[in-house]
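So the protein sequences, as listed, match chains A and B. The numbering used here applies: residue 1 is where the first sequence begins, and numbers increase by one. The numbering used here applies: residue 319 is where the second sequence begins, and numbers increase by one. Idealized CB from N, CA, C, for every residue including glycine. All values derive from a computational prediction rather than experimental measurement.
There are 2 protein chains.
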Amino acid sequence: MSQNRFTPESTRLDDAARAGWLYYVAGNTQDEIARKMGVSRQTAQRLVAMALSERLVKVRLDHPIGRCMDLAAALRDRFDLGICEVAPSDPEAPDLLTGIAIAAAAELERVLKSPERRIVSLGTGRNLRAMVEQLPIMSCPQHVVVSRLGNMMADGSATPYNATIRLAERIGAPHFPYPLPVLASSTQELSAMQQQQAARNTIDLCARADLSLVGIGQMDLTAPLHVDGFLSRAEMDELSGAGAVGEITSWVYDQHGHIIDCAFNRRVASAPLPHSSERPMVAVASGLAKLPAIRAALAGRLINGLITSEAMAERLLS
Amino acid sequence: MSQNRFTPESTRLDDAARAGWLYYVAGNTQDEIARKMGVSRQTAQRLVAMALSERLVKVRLDHPIGRCMDLAAALRDRFDLGICEVAPSDPEAPDLLTGIAIAAAAELERVLKSPERRIVSLGTGRNLRAMVEQLPIMSCPQHVVVSRLGNMMADGSATPYNATIRLAERIGAPHFPYPLPVLASSTQELSAMQQQQAARNTIDLCARADLSLVGIGQMDLTAPLHVDGFLSRAEMDELSGAGAVGEITSWVYDQHGHIIDCAFNRRVASAPLPHSSERPMVAVASGLAKLPAIRAALAGRLINGLITSEAMAERLLS
DNA sequence: TTGCCGGTTGGGCAATTGCCCCTCCGATGG
DNA sequence: CCATCGGAGGGGCAATTGCCCAACCGGCAA
């Protein structure tokens, strides 16, 4: 009541956080919380539920599950990966975002803990965005966050799932948005764009990134590129006809993991994918539909790291 | 499965981790977990409980208040406090009055909500005054507000920051101003004053207060006692020489939280501070300058409750 | 004023969870 | 061989939790 007068909804969240803390950290029952906070049991229950639904409470499991570690080791071995993490799957929801996001956040956090300056480059996508949400709030002004591709659609509007800004905000690091759109309208325009100092600087940062995290897009009707409107149905059919199975930061590649030489790729403005680099280029991806895309990216060594689900790991190894 | 034969208990932990993951991350019920893992519901429950007891699950609250509650819990534990609240600090104004005032007001409001008669005794200071301003207007004629110290300066003028009157007005409760000045001119005069029926009655109310809220004053050039003219520069230097680090309702104490036996304290007319009382004696204080004063008050158990800022809580614990 | 509307509260009940206690099973030792 | 023992599994019940629904509250328009 009283405290609500000033910042109603922020105080309600505060109460939710407090209730969540009392419940999950202090181990109170909802009755005790109700008593301590001077509200009814039902309200306490609502606050706890809100802490959950507003993603105020983050749960992490600190135990390497043997099966997942085995799968990760097998993937590392088979595909010569530097970084590989496998998150447990719920058999009935095998590609729940949260598990993979937590695993990816842990990997990212490891790098961010360094006192030395680190450059982290990010792609886009739900997975990366969910990853950032799982990261604890930390202060890392020594690092740099850079985006590997634009967040503007052709008409200038921003794409959703922008992970770079969120990450930079969360860890208090300077960040470099990608100064070009996702696609240029022509090869000529692209060349001109790439001459800009800002573009050259950002692309250079991407090339020197100490950790790159990217999503992987499949090439079917649910393809992120298509859903987000970068690729018309006709273009996509054409690309599929040319053997496209997946894309990373909009670079479309075939089943061998080779970037396809095509009109579309010649308009892609994203930072180039490094060739068999020493630097970690880690894909964060799951979902049955992405299987061929992930397999190809691994085969072609477009990536040298993978964070995925138990279910996907099993399929990749079979 | 296969790994069981070699490290049975590690597999049990694995199962616990998996069960915990399915429960806390994937949101399954224990029945579903039991079905998916092929065990009985009871076993699933045991596994989930084990994940908890083995500290496999780590819960984090991503809301400023979460950190505050951690700090408050640590302070409560370290200094054996009954009431402890830590308000979030704005990094750029770590001791902003408002946050602490809101926290203190919430604590006060909890007591005021009681239908039973409660006696609330107050000290003085900006913090308490700000606290009262944060309190909702409510009708509490059943309670009693009493001041722990005078609001008259030597010349009879009133001190600013009088919280008692404001609080009484705001909640519509009867109130007892402190019928003596802050300082008597001599020990003899003080004894005479304390014989007055009104004084004895008020002091008695203070001793029986169900909640006492006081400020803490530091002992440097910005000391409230000095700024408000109760303590000359020379007197303060003398007290500092005698080890004074802080004061509560004008009672000056040393770094161990012991009221100093000195000429000044023998003239202090404020209600006595209860010794290790069961009744809540809560300090509302923040500001870097007050650190030694707060630390000493905690050490000497002059207070058994504290409402402070995140920044101060961190310093107190470090 | 009245009545509607969105949002919050508390009662009550069903689902879920925590836990006691008994049983079973394998190991151990007499 | 049998008695004992400790640990895991399961039945069952009480406590806790989740959620639906009706009541209530404050704002707003008629």
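query                                                                                                           : result
Contact check, A:A313 vs A:Q255, beta carbons under 7 Å                                                         : no
Min CB distance B:A611 to chain A below 7 Å                                                                     : no
Residues within the segment 329-356 of chain B neighbouring chain A, beta-carbon criterion of under 7 Å         : T329, L331, D332, A335, R336, G338, W339, L340, Y342, V343, A344, N346, K354
Run of the beta strand (DSSP E) containing B:L624, from where it starts to where it stops                       : 623-627
As assigned by DSSP and simplified to three states, the class of B:H381                                         : coil
Where B:Q363 sits in the DSSP three-state scheme                                                                : helix
Coil, strand or helix - B:F397 by DSSP                                                                          : helix
C-beta neighbour in chain A for B:T633, strict 7 Å                                                              : Checking the sequence shown, residue 633 of chain B turns out to be Arg, not Thr. No, no contact with chain A.
Proximity to A:G125 [Cα-Cα], best of A:H175, A:Y23, A:L97, A:G300                                               : A:L97
C-beta contact flag for A:G257 and A:G300 at 7 Å                                                                : yes
Interface residues of chain A facing B:L379 [CB-CB closer than 8 Å]                                             : A17, G20, W21, Y24, V25, A51, L56, V57, K58
Beta carbon proximity, A:G99 to chain B, threshold 7 Å                                                          : yes
Close beta carbons around B:P406, own chain, < 7 Å, minus the five adjacent residues each side                  : P382, I383, C386, G417, E628
Assigned secondary structure, B:D572 (DSSP; H/G/I helix, E/B strand, else coil)                                 : strand
Sequence-distant residues of its chain with Cβ nearer than 8 Å to A:G246 (five each side left out)              : I216, G217, Q218, M219, V252, Y253, K290, P292, A293, I294, A296, A297
A:T187, buried or exposed, once every other Cβ within 10 Å from all chains shown has been counted against 16    : exposed
Test: A:I65 CB closer than 7 Å to a CB of chain B                                                               : yes
Closest by C-alpha distance to A:A207, when choosing among A:A271, A:A73, A:L135, A:P181                        : A:A271
Beta carbon of B:V464 nearer than 7 Å to that of B:P492                                                         : no
A:L122 - DSSP class collapsed to helix/strand/coil                                                              : strand
Test: A:D261 CB closer than 7 Å to a CB of chain B                                                              : no
C-beta atoms of B:L508 and B:A603 nearer than 7 Å                                                               : no
Sub-7 Å separation of A:D31 and A:R46 beta-carbons                                                              : no
DSSP state of B:I566 mapped onto helix, strand, coil                                                            : strand
Cβ neighbour criterion (16 or more within 10 Å) applied to A:A198                                               : exposed
B:L374 to A:I303 span [Cα, whole Å]                                                                             : 31 Å
Helix, strand or coil at A:I259 according to DSSP, with G and I counted as helix                                : strand
Reduced DSSP secondary structure (H/G/I, E/B, other) of A:V182                                                  : coil
Cβ of A:D321 within 7 Å of any chain B Cβ                                                                       : This structure gives no information on residue 321 of chain A, because the portion of chain A shown stretches from 1 to 318.
Min CB distance A:T7 to chain B below 7 Å                                                                       : Residue placement at A:T7 cannot be trusted, given a pLDDT of 42 that sits under 50; the coordinates are not used to answer.
Exposed unless 16 or more other CB atoms sit within 10 angstroms - verdict on B:H593                            : exposed
Neighbour flag for A:P88 against chain B, beta carbons, 7 Å                                                     : yes
Other residues of its chain near B:L331: CB distance less than 6 Å, five sequence neighbours each side excluded : none
For A:S91, the nearest candidate out of B:N346, B:V450, B:P542 (CA to CA)                                       : Per the sequence presented here, residue 91 of chain A reads as Pro, with Ser not at that position. It is B:N346.
Proximity winner among B:A337, B:A390, B:G356, B:I625, relative to B:M368 (alpha-carbon distances)              : B:A337
Chain A contact for B:M554 (CB, 7 Å cutoff)                                                                     : no
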